[in-house]
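In the numbering used here, the protein residues as written are 1137 to 1525. Backbone N, C-alpha and C define an ideal beta-carbon position, used for all residues, glycine too. Beneath this line is the structure, given in C-alpha cells, with notes to follow.
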Ligand code: SOE
C-alpha cells in the first residue's frame, strides 16, 4: 500500500480533528487507499508545535510553514490555520506539487479564494488534489438523502430549509478570538458555519442562483483573549477584562433561489442559546420530504407522498451497514457514529482522490462556489436587494 507523508499546519482544534480522522481512516476503511505517515506538525507557537508532535505522534515539528512546503518528503498538507493564511499556504503547497486539504471557509477574502481555485485548477492538470473540509455533506444520512433525491424518490425539489445554529458565542463574555476579527476571519458566522449549510444545500439541490439576506451583529465588543488558542467560548473573559470591537457578523437569515427553480431559506448563528451543533435540512419535493438534524446524525426522516393516506408521515431510518460508509464503520444500526468517524470518512475521500487522481466533490472549485454565495449574501445585506451569485 502506498504511503502518504502528511503534514498538518496549525496545531489547534482542527489539527486534532484531522489527525483523529486520518489515523482512524485505515482502521475503519480497510484496505485504505493510502497509508498515512504522520511526518510534520507545524504551529507558530513553539510549545504548541512540540506538544502536538508528541500528542499526535508526528515524527517532527516546526514553526514555519515554509519548511513544510520546502520538504520534498511531504506529499499532502492539511491547512488548519485561521482563515487569512489559507490562501498563501494552500497555493504554495499546490505549486510545490503537494495535495492539499484546507479548512473552511476557503479564505478571508473572495479574491484569495479565487486565486486558490485557479491554483487548484492548474495543479489538477498534474494530478494534484485540492479539497476543502466541508465534512457535513459526508454524513452517511446526508449522502443517503442525496441518493434518494438522485433516484427520483423525492420528485422535484420545491423548497429546502437549512439552519446551522450554535450557542458558543451567545455569551458577551466569550472572548474576542480571531473568529470575530474581520481581518483574520473574513466573515463571522457566515464563513464559519453558514458556509457548511450553503455547501449542503448546493450538494442536495444544485447551484444557488440568487440570494436576499439580512446580516446582524448583536455583540459589538468582547473581552480580549489572552492566549492565541481558540477556546470556542469555553473560557470566558473576566468581568473587568479589556474589551475590543467585533467587526464580523453574528447571524444571517437568507432566502435562496436555485438555478433549478427551487427556493429555500438558510439561517446561521453562533448565538442561539440551547442549540449546540444544530444543523438541520428539511426539503420538500413533489413526491416526498426529507428531514435531517446533525444532533441526531445517525437518523434521517423521510416521508413519501405515495404512502397510503392512513400511513403517510415521516418515518425515521437509522443509518446502518446498508447505508453509505456503513459497512466499514460499526456493524449494527444504532451503534452510531459521531464527529470522529465523520472526519475519518472525510479523510477517506481525500485519500481516495489522491489514489485515483480524481478530484473530490469538495475540491477548491466547489468550495469557491460556496464563497461566491457568501459574498452575494454579504452584498445583499447592504443593498437590501436580491443579489446574483
Ligand atoms: C466553530 O463554530 C466550529 O468549530 C466551526 O468552525 C466548524 O466548522 C464546525 O464544524 C464546528 O464549529
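With fewer than 16 other Cβ atoms from the protein chains shown falling within 10 Å of its own Cβ, residue 1149 counts as exposed. Relative to ligand 1, residue 1383 has its C-beta separated by 6 Å or more from all heavy atoms. Within its own chain, the residues whose Cβ lies closer than 7 Å to the Cβ of residue 1316, once the five positions on either side in sequence are excluded, are 1324, 1358, 1382 and 1384, listed in chain order. If you compare the alpha carbons of 1524, 1482 and 1525 with that of residue 1276, the shortest gap goes to 1482.
At a Cβ-Cβ threshold of 7 Å, residue 1399 and residue 1393 count as neighbours. If only complete runs of 3 or more residues are kept, the segment 1294-1330 shows no beta strand (DSSP E) anywhere.
If you look at residue 1359, you'll find it in the beta strand (DSSP E) that goes 1357-1359. Under the three-state reduction of DSSP output, residue 1476 falls in the helix class. Under DSSP, the beta-bridge partners assigned to residue 1424 are 1440. With a threshold of 6 Å, the Cβ atom of residue 1335 does not count as near ligand 1, since no heavy atom of the ligand is closer than that. With respect to residue 1479, residue 1157 sits close: the two C-beta atoms are nearer than 7 Å. For residue 1329, the Cβ falls inside the 6 Å cut-off from some heavy atom of ligand 1.
Residue environment for residue 1185: buried (at least 16 other C-beta atoms within 10 angstroms of its C-beta). Of 1441, 1519 and 1516, the smallest CA-CA separation from residue 1288 is found for 1441.
Taking the CA atoms as reference points, residue 1228 sits about 38 Å from residue 1285.
Taking a contact to require three or more Cβ pairs closer than 8 Å, the segment 1421-1436 and the segment 1242-1250 do not qualify as touching. In this structure, residue 1181 keeps its C-beta atom at 7 Å or more from the C-beta atom of residue 1491. Residue pairing by DSSP places residue 1499 opposite no residue, since no beta bridge is assigned to it. Ranked by Cα distance from residue 1178, the first of 1165, 1161, 1196 and 1166 is 1196. Here the alpha carbon of residue 1471 sits roughly 17 Å from the alpha carbon of residue 1163.
Counting only runs of 4 or more residues that sit fully inside the segment 1217-1274, the alpha helix (DSSP H) segments are 1222-1231 and 1246-1260, in chain order.
Excluding its 5 nearest sequence neighbours in each direction, residue 1153 has C-beta neighbours in its own chain below 6 Å: 1479, listed in chain order.
Of the other Cβ atoms in all chains shown, fewer than 16 fall within 10 Å of the Cβ of residue 1395; this residue is therefore exposed. A distance of 7 Å or more separates the beta carbons of residue 1408 and residue 1300. According to DSSP, residue 1401 shares a beta bridge with 1297 and 1391.
Looking at 1310, 1326 and 1167, the one whose alpha-carbon comes closest to that of residue 1370 is 1310. When only Cα atoms are considered, residue 1519 and residue 1365 end up about 36 Å apart.
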